[in-house]
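A.B. asks: Before we start, here is the structure in question, set down as structure tokens.
2 protein chains.
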Amino acid sequence: MAHPQVTFRETVFKGKSLLSTRRETVSRSTVRAQLEQIRSTGRYDCFKLKWHPIYDDKSMWPVPFHLFWDSDIAKWIEGACYFLADEYDAEIDGTIREFVDMIRAAQQEDGYLNVHYTVVEPGKRWSNLRDMHELYNAGHLIEASIAHRDYYRNDLLISPIQKYVSLIRKQFGPGPDQIQGYPGHPEIELALFRLYSATGSTDAFELAQYFLTERGNPKGQDGKHYYDWEMEKRGDHPCMRPDAYPENRTYWYCQSHAPIVEQPTIEGHSVRAVYLLTAVADMIHLSQVHRRSLPDSEVWSQALHRLWDNMVDKKMYLTGGIGAVKQWEGFGIDYFLPQGTDEGGCYAETCASIAVMMLAERLLHLDLDGHYADIMELCLYNNVMTSMSLDGKTFTYANQLASSDTDKSERHEWFWCACCPPNVSRLFGSLGGYLWDYGSEGDNVSINVHLYTGAKVSFSANGAPVTLEQKSNWPWEGNVMFTLSSPSPLQTTIRLRLPAWSNGSYVLTPTPHPGKVEVKKGYLSLDPAYTADNPSFSLQVGGFRPRYLSPHRYTNQRTLTLARGPMVYCVEDVDNSWEKNHFKDTHLKVGSPVTEENCTDEKTGEEYVALRSVGWNIVPETTSPAGEETDGARELVFVPYYFRANRGGEGQMRVGLLNGGDKSGNTFPEKGGRIAPV
Amino acid sequence: MAHPQVTFRETVFKGKSLLSTRRETVSRSTVRAQLEQIRSTGRYDCFKLKWHPIYDDKSMWPVPFHLFWDSDIAKWIEGACYFLADEYDAEIDGTIREFVDMIRAAQQEDGYLNVHYTVVEPGKRWSNLRDMHELYNAGHLIEASIAHRDYYRNDLLISPIQKYVSLIRKQFGPGPDQIQGYPGHPEIELALFRLYSATGSTDAFELAQYFLTERGNPKGQDGKHYYDWEMEKRGDHPCMRPDAYPENRTYWYCQSHAPIVEQPTIEGHSVRAVYLLTAVADMIHLSQVHRRSLPDSEVWSQALHRLWDNMVDKKMYLTGGIGAVKQWEGFGIDYFLPQGTDEGGCYAETCASIAVMMLAERLLHLDLDGHYADIMELCLYNNVMTSMSLDGKTFTYANQLASSDTDKSERHEWFWCACCPPNVSRLFGSLGGYLWDYGSEGDNVSINVHLYTGAKVSFSANGAPVTLEQKSNWPWEGNVMFTLSSPSPLQTTIRLRLPAWSNGSYVLTPTPHPGKVEVKKGYLSLDPAYTADNPSFSLQVGGFRPRYLSPHRYTNQRTLTLARGPMVYCVEDVDNSWEKNHFKDTHLKVGSPVTEENCTDEKTGEEYVALRSVGWNIVPETTSPAGEETDGARELVFVPYYFRANRGGEGQMRVGLLNGGDKSGNTFPEKGGRIAPV
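Right under this line is the structure:
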């Protein structure tokens, strides 16, 4: 299976686009800024296995501050390798070499490789799989080692990692001397499938499959749930629990309340949940492609789609964010999607939407349906992209849809748990792999184009070079120019995504003969005859006029949000400086005219399309029966959600504004006069 | 201070009214049904201090199943004594005598009196004030002993309880050999103030004042928060916590995150919070009336009103319920008031609204403002009364505003934590004390009428007998006939509440001379000249037409609820049998005609006013842009919320229906076609 983290090397971004601009920022600024954070926080030399003062800090139970350091470095290496492939940088290269030396030297005789359990708690390996991220860190080391090998073409990192994987493989399994456990934070599963794809290691495949199959077994070890068993072994009182566990034994937090195939809904920590499903999708796909044994593959497939559908239909914000609840960084009940922390929660973690992109990309391999690419694009341009400032140096962890006095619209340089920033780097580094997928069987070539931008892909089919270039000003305009080079006798089919919001409207030029193109599951399919006759063609995707989004009424969010193409819009006080209450009192009305404006921001140089419309502010302490008293119509300026918090202001921002058709506004219990008579 | 649990003896309910019917049910059925539960669950003889098998059940940590048994019996005794005052019942009398014998025999040599720490964990007294309800149980024993003395006119129960209070008084306080602690579940404070009022015990007053003042002290014992200190003393790991604590050290659960006077908002377990504030109100009032020292009394008063206002304005359902969150049985953030558990939570515990009634009654003594009586009445007729079936034998603990498949609209015979059912009995037993308050200074008599029904109060003023009788069909009609007997030379002022929903409209007959009556803070004041001239007069309260309530828009509940007088209405599937989705898709429109119908239920004989109007059902999977497609108008029948779940049906019920002005209904992320064009 071709993972985007591998295939991205065959794509070159060309010309100026929103994506290429952002990639350049990450390449030029972000990778270095994150390295600086890694240095200044002490992470840099943790693989030297010396004692750091922070290791003495026992205030966080059970997860000490440094527990993820291994993964922070691994993710930085992975992202840096992706960008080195674009442009050589001696300092970055030198740092990677240093890290690799340190990691190699940190490996124990038997292959074990983990800072905490080597330095801080030696002798306690594998004693707390539920909380301690031991296998999670291993997973990120695996991913780093694959990226390292792909760039450096040597085994300096992958070789010790493979030794570590062999150790883990021996440790875990159904045997009497093995541990019947699995990681509290899934990640290693998808890393192991990548390792299998990269190296053919059946150890890796089987270990991942074991973790997925064993997960949630109520009688996994000595007749007990594994996490109960290991808790008893540690001697912990059953009522000791991390703050993320709302109640005792709420194992849904880490998706181990039941075997995966039996889980009816997606629950718990959203990053864990989607990393896990990404691995499930990989397992299903690899079992099909490589004919590896997967008992009950249909049951796995049903579970995967059931959990995806539950997530997308009932637990996803219209920005592509998932996870409303801060405490467990994850999903609330169906349709529980408040916009901000002062309305009940809005977590929408950056990593979680990146994980959704990874999962959507996997699902496109299982079933070419534009729905998955729509979600992938929604996440990319909204929940993911809003997490990084335009200068590439500050980030968000949670991506709320509405600010409040206690959670302003702002970003931060770093986090003690720093999973999100390097995840953004990894994603942008490998982004080319998400644009399209392609392949050939004999002379038959197919290219499925998922995302539009300025880019060119080059690959070989049956020994011949094929290239496809796209040029466009997406996401601001829907016009995409394609140029195909595919020497005969290759027969090339190209499928072009038509986003759901386009309502299927498009113009293909040259016009195909009637009946010669077909639209299937959101993809416009151009047959080999058309592509042979028209190596240059253009697609005009329709539906770029601004439109209103409103959440399902079961969310109790009676709001209107402006969107245009894949971009979701918000209002900010920097443009609407009269606002002092986070736009909680502002309402829109469907039907108000909306105008578009091409803008270039003076400070950042960012080019974008702003929208203008009219809104009304309900007087906060209105006493009118219908609650409709307003302080007058006023112009509202909307900017893309990703663009928020880049131009100063007071940190006031909102995505969904009150739907003006609404009549409510009374306080309750009733105070004199605030009554709507029949 | 005259507490309603004492003054109720001066009121007799007369004639048939909703309240008298319900009181009769409690008297004839409920008290016996609860006694049967007390027997069948093993509670009955717990004060005999024998081992019960349930004591071996350690599955609930830290609170074992039997921990509240002392209070269950105490509350039953209290309620039973109130009803014995109405009508003698030999069996109930005999049972109370048995209980008193057992309680007396259970007292330890030094006065200690608690089942758990005598039988199950002897030697561990006062080791876990946070969780173990030791002082809570003591508080209910105190309240029972006052009720017992008032009915039996002997000291058989109050005498051992006073001995126990003396022991507690010695144990707790600022001294070097004393415990600087306070109960995790407040209750004893209000009980101690009642004991002070009943007996003049300064020990009781000072102990209660100590508990209130010390609560939340961050450095209370040895420089530590008391609950941290006792936890360390027990040797518990700091991350061991009861399921009700969402995270470690979330002491706001029991209102001890800060001293009471410093708490900005009302937080945590709602019953605890309001019991606590009831005691604060008592302390302030008693300090004024009895001139007891209360340092910073103005600061206490500000805190009391700040927390009340926060509760009523931002954390109360329009049924008078408080507490949205099940986990800690308490308050969510401001304006977080979903209608049902499938929308984010709706706890609205029965005991909590009873506590609000107690607090409101106390506040009326501090400040005669109809607002407090409005809330008291709202709770009584809605959140409290809906908690008991018409036959008086089944109950609710939580009182949701909307049912769901997992939480149908139904009631249960009993609960392992059985605080609510006997609380309902206590309330109805002493209900006469909530109707009015009154007093005299010299020949000046004043009577403040808070609630209307059929009842007569008799008391003496300056040695002369005064009676006031009211007759009405409240809450169905607004006409109240009064007859005063107040012999000269008494000068009697009568104040009659005008509910906020009446919008101040009323007719007083005979008509007073212009300028001779005044309305102040929701009370119509009749001066002594008027009452002397018109010993019989009638008040017609206006505003009884059906009206719509809608929550504040910050709740994100865009709903309409029908109300009439103090009664909040709901829809049930038993009247609207087409409904299969808990009325989640049903919407109303302001302006639709509403008709009233006087009904007598065939099965129960209950007389009530039903409402009929028209609603529309949005097609659940609508694909229309505006989400307004409906399957046609249909008649809706509304019944009072208290009446729900008494006539069969499938347990489908809802209070707030969608506001039909609403335009939303799309799903998201967008699926083809579900888009509202600009």
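Taken in sequence, the protein lines are chains A and B.
Going from the first sequence to my numbering is simple: count from 1 and add 701.
Going from the second sequence to my numbering is simple: count from 1 and add 701.
Here a beta-carbon is modelled for each residue, glycine too, at the ideal position from N, C-alpha and C.
Have a look at the DSSP bridge pairing and note the partners of asparagine 1149 of chain B.
C.D. replies: One-based indexing of the second sequence puts residue 1149 of chain B at position 448. Bridge partners of asparagine 1149 of chain B: B:Asp1138, B:Arg1196.
A.B. asks: Among residues of its own chain, excluding the 5 on either side of tyrosine 1098 of chain A, which ones have a beta-carbon nearer than 7 Å to its beta-carbon?
C.D. replies: Counting from one through the first sequence, the residue named residue 1098 of chain A turns up at place 397. Hits under 7 Å: Glu1050, Thr1051, Phe1116, Cys1121.
A.B. asks: Using a Cβ-Cβ cut-off of 8 Å, state whether valine 1272 of chain B counts as contacting chain A.
C.D. replies: Here residue 1272 of chain B refers to the residue found at position 571 of the second sequence. Valine 1272 of chain B does not count as touching chain A.
A.B. asks: Under 8 Å, CB to CB, which of the residues in the region 942-974 of chain B have a partner in chain A?
C.D. replies: Flagged, chain order: Arg942, Pro943, Asp944, Pro947, Glu948, Asn949.
A.B. asks: Would you report the Cα separation of aspartate 923 of chain B and aspartate 878 of chain B, rounded to the nearest angstrom?
C.D. replies: Translated into positions along the second sequence, residue 923 of chain B becomes position 222. Translated into positions along the second sequence, residue 878 of chain B becomes position 177. Between aspartate 923 of chain B and aspartate 878 of chain B, the C-alpha separation is close to 12 Å.
A.B. asks: Where do the ends of the beta strand (DSSP E) carrying arginine 854 of chain B lie?
C.D. replies: Here residue 854 of chain B refers to the residue found at position 153 of the second sequence. Segment: none, arginine 854 of chain B is in no beta strand (DSSP E) and carries neither H nor E.
A.B. asks: Just to confirm, is the Cβ distance from threonine 1287 of chain B to leucine 1359 of chain B under 8 Å?
C.D. replies: Counted from its first residue, the second sequence places residue 1287 of chain B at position 586. Counted from its first residue, the second sequence places residue 1359 of chain B at position 658. Closer than 8 Å, so yes.
A.B. asks: Rounded to the nearest angstrom, how far is the Cβ of valine 975 of chain A from that of leucine 1060 of chain A, given a contact under 8 Å?
C.D. replies: As a working note, residue 975 of chain A is residue 274 in the first sequence. As a working note, residue 1060 of chain A is residue 359 in the first sequence. Sure, about 5 Å apart at Cβ, within 8 Å.
A.B. asks: If we define contact as Cβ-Cβ less than 8 Å, is phenylalanine 1037 of chain A a contact residue for chain B?
C.D. replies: As a working note, residue 1037 of chain A is residue 336 in the first sequence. Yes, phenylalanine 1037 of chain A lies at the interface with chain B (some Cβ there is under 8 Å from its Cβ).
A.B. asks: Of the choices B:Ile859, B:Arg831, B:Arg973, B:Arg895, whose alpha-carbon is the least far from that of lysine 934 of chain B?
C.D. replies: Walking along the second sequence from the start, residue 934 of chain B turns up at place 233. If we check each option's Cα against that of lysine 934 of chain B, B:Arg831 comes out closest.
A.B. asks: Taking a Cβ distance cut-off of 7 Å, strictly less, list which residues of the region 1244-1272 of chain B are near chain D, in chain order.
C.D. replies: Absent from the structure is chain D; the protein chains it does hold are A and B.
A.B. asks: Near proline 1188 of chain B, which residues of its chain fall below 6 Å by C-beta distance, leaving aside the five closest residues on each side in sequence?
C.D. replies: As a position in the second sequence, residue 1188 of chain B is number 487, starting the count at 1. Here the set comprises Ala1165.
A.B. asks: What's the C-alpha gap between glutamine 1192 of chain A and glutamine 1101 of chain A?
C.D. replies: Translated into the one-based positions of the first sequence, residue 1192 of chain A becomes position 491. Translated into the one-based positions of the first sequence, residue 1101 of chain A becomes position 400. Taking the straight line joining both Cα atoms gives about 47 Å.
A.B. asks: Helix, strand or coil: how does DSSP classify leucine 720 of chain B here?
C.D. replies: The sequence position of residue 720 of chain B within the second sequence is 19, counting from 1. Correct three-state label for leucine 720 of chain B: helix.
A.B. asks: Closest to aspartate 1014 of chain A by CA distance: which of A:Ala1201, A:Gly1130, A:Pro1252, A:Gly882 is it?
C.D. replies: To locate residue 1014 of chain A, count along the first sequence from 1; it is residue 313. Residue A:Pro1252 is the option with its Cα nearest to aspartate 1014 of chain A.
A.B. asks: Roughly how many angstroms lie between the CA atoms of glutamate 863 of chain B and tryptophan 762 of chain A, to the nearest whole one?
C.D. replies: Against the second sequence, residue 863 of chain B aligns to sequence position 162. Against the first sequence, residue 762 of chain A aligns to sequence position 61. The residue you asked about is not glutamate; residue 863 of chain B is glutamine in the sequence shown. Spanning the two alpha carbons is a distance of roughly 45 Å.
A.B. asks: Closest Cβ-Cβ distance between glutamate 1044 of chain A and chain B: below 8 Å?
C.D. replies: Position 343 of the first sequence, counting from 1, holds the residue named residue 1044 of chain A. Cβ-Cβ to chain B under 8 Å: yes for glutamate 1044 of chain A.
A.B. asks: According to DSSP, is methionine 833 of chain B helix, strand or coil?
C.D. replies: In the second sequence, the residue the question calls residue 833 of chain B occupies position 132. Of the three classes helix, strand and coil, the one that applies to methionine 833 of chain B here is coil, per DSSP.
A.B. asks: Would you kindly check if the distance between the Cβ of glycine 840 of chain A and the Cβ of glutamate 888 of chain A is under 8 Å?
C.D. replies: Here residue 888 of chain A refers to the residue found at position 187 when the first sequence is read from its first residue. Here residue 840 of chain A refers to the residue found at position 139 when the first sequence is read from its first residue. Yes, the pair counts as a contact, with Cβ atoms nearer than the cut-off.
A.B. asks: Whose CA, out of A:Leu1289, A:Leu750, A:Trp1009, lies closest to the CA of arginine 1335 of chain A?
C.D. replies: For this step, residue 1335 of chain A is matched to residue 634 along the first sequence. Selected option, being the one with the closest Cα: A:Leu1289.
A.B. asks: Determine the DSSP secondary structure at proline 1229 of chain A, reduced to helix, strand or coil.
C.D. replies: To locate residue 1229 of chain A, count along the first sequence from 1; it is residue 528. The answer is helix: DSSP assigns proline 1229 of chain A an H, G or I state.
A.B. asks: Report the start-end ranges of each beta strand (DSSP E) in the region 1009-1061 of chain B that is 3 residues or longer and not cut off at the edges.
C.D. replies: Runs found: none.
A.B. asks: Taking the C-alpha atoms as reference points, what is the distance between arginine 1345 of chain B and valine 1150 of chain B?
C.D. replies: In the second sequence, counting from the first residue as 1, residue 1345 of chain B sits at position 644. In the second sequence, counting from the first residue as 1, residue 1150 of chain B sits at position 449. Cα to Cα, the separation comes out at about 29 Å.
A.B. asks: Give the straight-line distance between the Cα atoms of glycine 1328 of chain A and lysine 715 of chain A, rounded to the nearest whole angstrom.
C.D. replies: Here residue 1328 of chain A corresponds to residue number 627 of the first sequence, with the count starting at 1. Here residue 715 of chain A corresponds to residue number 14 of the first sequence, with the count starting at 1. Confidence at glycine 1328 of chain A is low in this model, with a pLDDT of 46, below 50, so the placement of that residue is unreliable and no value is reported for it.
A.B. asks: Name the two residues that bound the continuous alpha helix (DSSP H) containing tryptophan 953 of chain B.
C.D. replies: Counted from its first residue, the second sequence places residue 953 of chain B at position 252. From DSSP, tryptophan 953 of chain B is part of no alpha helix (DSSP H); its letter is neither H nor E.
A.B. asks: Is the number of C-beta pairs between the region 802-809 of chain A and the region 726-741 of chain A that are closer than 8 Å three or more?
C.D. replies: They do not touch, by the three-pair rule.
A.B. asks: Is it the case that the Cβ atoms of glutamate 915 of chain A and tyrosine 865 of chain A are separated by a distance below 8 Å?
C.D. replies: As a working note, residue 915 of chain A is residue 214 in the first sequence. As a working note, residue 865 of chain A is residue 164 in the first sequence. Not a contact, by the Cβ cut-off of 8 Å.
A.B. asks: Starting from the N-terminal side, write out each stretch of the beta strand (DSSP E) that is 3 residues or longer and does not extend beyond the region 1267-1347 of chain B.
C.D. replies: If we require 3 residues or more, the beta strand (DSSP E) runs fully inside the region 1267-1347 of chain B come out as 1268-1273, 1287-1289, 1296-1301, 1308-1319, 1331-1341.
A.B. asks: Could you name the residues of chain B that tryptophan 930 of chain A contacts, counting a contact when the two beta carbons are closer than 8 Å?
C.D. replies: As a first step, residue 930 of chain A must be located in the first sequence, where it is residue number 229. Simply none; closest approach about 18 Å.
A.B. asks: So who's on the other strand from leucine 1209 of chain B, going by DSSP bridges?
C.D. replies: Within the second sequence, the letter at position 508 stands for residue 1209 of chain B. Partner(s): B:Leu1240.
A.B. asks: Among B:Tyr1224, B:Leu836, B:Glu1178, which has the Cα closest to the Cα of arginine 1196 of chain B?
C.D. replies: Locating residue 1196 of chain B in the second sequence gives position 495, where the first residue counts as 1. The shortest C-alpha separation from arginine 1196 of chain B is found at B:Tyr1224.
A.B. asks: Report the residue from A:Glu968, A:Ile804, A:Tyr897, A:Pro875 whose alpha carbon sits nearest the alpha carbon of phenylalanine 912 of chain A.
C.D. replies: Locating residue 912 of chain A in the first sequence gives position 211, where the first residue counts as 1. The option with the nearest alpha carbon to phenylalanine 912 of chain A is A:Pro875.
A.B. asks: CA-CA distance, glutamate 1351 of chain A and tyrosine 1270 of chain B?
C.D. replies: As a position in the first sequence, residue 1351 of chain A is number 650, starting the count at 1. As a position in the second sequence, residue 1270 of chain B is number 569, starting the count at 1. Roughly 43 Å separates the two Cα atoms.
A.B. asks: Let me know the beta strand (DSSP E) ranges lying completely inside the region 905-943 of chain B, each 3 residues or longer, listed in chain order.
C.D. replies: Taking only runs of at least 3 residues, no beta strand (DSSP E) segment lies wholly in the region 905-943 of chain B.
A.B. asks: What distance in whole Å lies between the Cβ atoms of methionine 941 of chain A and cysteine 1300 of chain B, which are believed to be in contact at a cut-off of 8 Å?
C.D. replies: Taking the first residue of the second sequence as position 1, residue 1300 of chain B is located at position 599. Taking the first residue of the first sequence as position 1, residue 941 of chain A is located at position 240. Not really, about 56 Å apart at Cβ, beyond 8 Å.
A.B. asks: Taking C-beta pairs closer than 9 Å, name the residues in chain A that lysine 651 of chain B reaches, listed in chain order.
C.D. replies: Lying before the first or after the last residue shown, residue 651 of chain B is absent from chain B, which here runs from 702 to 1379.
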